[in-house]
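Take a look at the structure set out below.
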Amino acid sequence: MLEFIAGKYNYWIHVTLMMIGFYAIIAKGNLIKKVIGMNIFQTAVFLFYISISKVKGGTAPIVWDEAVLYNNPLPHVLILTAIVVSVSTTAVALALIIRIYREYGTIEEDEILAMGGERINAQR
Amino acid sequence: MNIAEHFPVLVIVIPLLSAVIIPVVGRNNTLYSWYITVAVTLSCFLISLSLLNTVMSKGKISYWLGGWEPPWGIEYVVDYLNAFVLIVVAFIAFIVSLYAKKSVEKEIDENKITPFYSIYLLFVAGLMGIVITGDIFNLYVFLEIASLAGYALIAVGRKRAALMASYNYLILGTIAATFILLGIGYLYMVTGTLNMADLRDRLPMLYESRVVRTAFAFFTVGLSLKLALFPLHAWLPNAYTYAPSVVSAIMAATATKVGAYALLRVMFTVFKPEFDLQVVPVTKILIVLALIAIIAGSVLAVAQTNLKRMLAYSSVGQIGYIVLGAALANQVAMTGSLLHILNHSLMKGALFLAVGAVVYKLGIEEISGLKGMGKKMPFTMAAFTVGGISMIGVPLTVGFVSKWYIVLGALASDMWFIVPVILLSSLLTAVYFWRIIEGIYFAVPDGAGQIRDDAPLGLLVPTMVLAGLCIFFGVAAVIPASIAGKAANMLLGGV
């Protein structure tokens with residue numbers, strides 16, 4: 001049992017973080033808080049990737065005479081890409097929120113839904 | 001150097017580079033950005049045709065990016081399935097870009113038109129990338145390129161609700177993409193590879209592993225969200241309703257189809273059909289969900305008063321057909337499912353473009369606004385009618401062909417209970433389209449409606465082409481059916 005909990009602690013952390021993020025996305029009514037939740041959700045998956053790339057006794061994947069084992073660099077590279085994606089998603093989300101705030105004057109989801117969206121954008 | 005060798009990568013590189021060039025070239029004159037968009041989507045279409053031709057004569061194409069041998073390098077694979085879907089995507093992108101000029105001028109601010117075309121091409125590049133790649137992580141990256149471009153395209157809509165529609169799609173789309181990323185991580189953890197063909201070889205000995213099954217669950221849920229399978233369709237109606245007409249047309253005709261393609265790839269290429277049928281009960285679950293989608297989509301569509309929202313709900317139902325055919329997992333139903341990818345693109349494309357022409361002319365999106373339009377806009381309404389009867393599934397239109405295949409496939413699998421569901425849904429489709437068609441031709445229009453005043457040719461020609469193809473492929477169904485049949489064989493029978 002202890003082996004199950006302590007031996008796989010990286011997975012526990014990943015799942016817990018992911019669920020915290022998921023909860024925030026679903027339960028929070030504030031659009032910014034949802035984006036924060038989304039970031040935690042994504043970061044949990046990134047941490048999962050990084051943790052599986054660790055090789056016991058391995059060093060950083062840089063050619064070095066004394067190195068016996070290297071960590072697997074591929075997940076790192078994949079996650080660099082995924083981080084770029086995550087940053088762009090956050091940027092688009094925040095840009096949208098700014099526009100939403102200008103149009104509706106609030107970023108609380110229930111207030112926005114109560115207002116209706118038929119009005120044509122004021123900016124144009 | 002033979003340029004034809006590099007076609008698989010050019011189909012991505014051309015729109016991707018052009019998306020960067022457009023903001024520079026079209027800075028002062030939006031017309032240039034439009035020229036580039038049309039030229040690029042046309043060349044993508046021609047390249048896709050040539051790729052299909054190569055596949056038919058020489059078999060599967062495998063392109064190694066940068067010359068790195070798979071499974072280490074990224075591989076682009078073209079076989080019957082993705083050549084078929086590539087052509088659908090590229091063709092619709094071309095037709096919609098022809099249509100875009102007039103419609104965009106009307107619906108989008110002058111200073112946003114050039115960025116709009118740039119993002120449009122990014123969107124197309126992302127979709128083409130999802131279809132052509134043979135590397136599962138690359139699929140995730142392209143999925144995100146297409147999605148991010150899609151969020152921006154929706155947010156351009158005129159009403160402020162477009163912003164919320166885009167935001168909701170962004171949140172749901174990101175959850176879906178993260179699920180897929182996690183699924184990829186699980187598969188990589190146990191197999192150590194990302195190449196789809198390599199995964200296919202290595203996974204069977206791990207089918208009992210809980211990690212692999214969890215990965216499969218994440219893929220299925222993530223992709224179902226992307227293709228808007230009921231009950232994960234919540235983002236779709238608002239997105240289609242509030243996006244500009246051009247965007248509604250391209251997204252309805254291609255984005256969800258590409259999601260369906262990705263699901264087929266994962267279910268039948270990365271995993272083998274035996275896994276779906278014997279190890280996990282995924283096909284049974286998908287059949288039930290697809291049937292609910294078919295009925296619920298039609299019922300919800302009947303209740304709508306906004307044209308675009310009605311078409312959006314009808315899309316939810318039609319996606320049900322595609323998933324149903326795939327989940328039945330026999331050759332005939334699979335052929336029907338693949339045909340429906342093409343056919344639904346044509347009919348939904350025609351319908352959304354026709355509605356876009358009405359919006360252009362009159363600014364009306366309500367169903368009641370179409371009363372007596374048969375006199376005022378005869379050609380647009382003819383295209384709408386063809387699209388409508390196609391959706392109902394009248395013989396000699398494309399809608400009939402794919403439904404026919406799916407019904408035959410259901411009977412071949414001894415699932416007779418599917419037949420009444422399809423009939424009921426066709427009946428409901430007839431209800432919601434017929435009340436519009438009746439209004440178009442038999443209702444008396446208000447005052448000005450008597451004078452003939454159709455949409456400009458720039459809008460009319462693309463709409464008529466799609467409507468014409470709805471009839472053409474309904475009669476000459478052999479042409480797409482033979483390709484779809486071969487693709488279905490490949491999906492079900494191995495390589």
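Chains as they are written, first to last, in the working numbering: chain A, 1 to 124; chain B, 1 to 495.
We treat Cβ as the ideally placed atom computed from N, Cα and C, and that holds for glycine.
On a predicted model such as this, the values are computed, not experimentally measured, just so you know.
Query: Would a check of beta-carbon distances place serine 51(A) closer than 8 Å to chain B?; Result: no
Query: Is there a Cβ of chain B sitting closer than 8 Å to that of methionine 1(A), yes or no?; Result: no
Query: Tell me the residue span of the beta strand (DSSP E) that contains serine 368(B).; Result: It is not in any beta strand (DSSP E) - serine 368(B) carries neither H nor E in the DSSP assignment.
Query: If you reduce the DSSP assignment to three classes, tell me which class glutamate 107(B) lands in.; Result: helix
Query: Give the DSSP-derived three-state secondary structure of valine 68(A) in the structure shown.; Result: coil
Query: Residues of chain A with CB under 8 Å from phenylalanine 137(B), in chain order?; Result: Leu78 and Thr81
Query: Exposed or buried, what is arginine 27(B) when buried is set at 16 or more other beta-carbons lying within 10 Å of its beta-carbon?; Result: exposed
Query: How about glutamate 103(A) and arginine 160(B): are their beta carbons less than 8 Å apart?; Result: yes
Query: To the nearest angstrom, how far is the alpha carbon of threonine 43(A) from that of isoleucine 100(A)?; Result: 26 Å
Query: Among Gly468(B), Gly320(B) and Val266(B), whose alpha-carbon lies nearest the alpha-carbon of alanine 354(B)?; Result: Gly468(B)
Query: To the nearest angstrom, report how far apart arginine 202(B) and valine 359(B) are at their CA atoms.; Result: 53 Å
Query: Answer with yes or no whether the minimum CB distance from isoleucine 5(A) to chain B is below 8 Å.; Result: no
Query: Could you check whether alanine 93(B) and isoleucine 154(B) sit closer than 8 Å to each other, using their CB atoms as the reference points?; Result: no
Query: Do you know whose CA, among Met115(A), Ser53(A) and Gly58(A), lies nearest asparagine 10(A)'s CA?; Result: Ser53(A)
Query: Any beta-carbon of chain B closer than 8 Å to the one on tyrosine 11(A)?; Result: no
Query: Can you pull the chain A residues whose beta carbon is under 8 Å from the beta carbon of serine 62(B), in chain order?; Result: Those do not exist, as serine 62(B) stays about 21 Å from chain A at its closest Cβ, beyond 8 Å.
Query: Determine whether the Cβ of threonine 89(A) lies closer than 8 Å to any Cβ atom of chain B.; Result: yes
Query: Specify, as a first and last residue, the run of the alpha helix (DSSP H) that serine 53(A) falls within.; Result: Here serine 53(A) belongs to no alpha helix (DSSP H), and DSSP marks it neither H nor E.
Query: Which residue spans inside the stretch 216-256 of chain B form an unbroken alpha helix (DSSP H) run of at least 4?; Result: 236-242 and 245-250
Query: Check the C-beta distance from threonine 59(A) over to asparagine 72(A) and give it rounded, since I have them as a contact under 8 Å.; Result: Actually they are not in contact, since the Cβ atoms of threonine 59(A) and asparagine 72(A) sit about 12 Å apart, beyond 8 Å.
Query: Short of 7 Å in beta carbon distance, which residues of its chain neighbour methionine 490(B), apart from the five on each side in sequence? Order them along the chain.; Result: Asp79, Tyr80 and Leu81
Query: Any beta carbon from chain A within less than 8 Å of glutamate 144(B)'s own beta carbon?; Result: yes
Query: Using only alpha-carbon positions, find the residue among Arg119(A), Gly116(A), Leu113(A) and Leu96(A) that is nearest to isoleucine 32(A).; Result: Leu96(A)
Query: Short of 9 Å Cβ to Cβ, which residues in the stretch 256-288 of chain B face chain A?; Result: none
Query: Give the residues from the stretch 29-55 of chain A that approach chain B closer than 7 Å (Cβ to any Cβ), ordered along the chain.; Result: Leu31, Lys34, Met38, Phe41, Gln42, Val45, Phe48, Tyr49 and Ile52
Query: Distance cutoff 8 Å, beta carbons only. Does tyrosine 167(B) sit that close to anything in chain A?; Result: yes
Query: Cα separation between methionine 196(B) and leucine 10(B)?; Result: 21 Å
Query: DSSP state of tryptophan 12(A), grouped into three classes?; Result: helix
Query: Would you mind stating whether isoleucine 364(B) and methionine 310(B) have Cβ atoms separated by less than 8 Å?; Result: no
Query: Taking the continuous alpha helix (DSSP H) assigned at serine 33(B), which residues delimit it?; Result: 30-58
Query: Classify serine 62(B) as helix, strand or coil using the three-state DSSP reduction.; Result: strand
Query: CA-CA distance, leucine 94(A) and alanine 262(B)?; Result: 29 Å
Query: Going by the beta-carbon positions, is the gap between serine 33(B) and isoleucine 119(B) smaller than 8 Å?; Result: no
Query: Using the C-alpha atoms, what's the distance from threonine 397(B) back to alanine 165(B)?; Result: 33 Å
Query: For proline 231(B) and leucine 69(A), what's the separation of their Cα atoms in angstroms?; Result: 48 Å
Query: Closer than 8 Å between beta carbons: that is the criterion. Which residues of the stretch 89-109 of chain A meet it against chain B?; Result: Thr89, Val92, Ala93, Leu96, Ile97, Arg99, Ile100, Glu103 and Tyr104
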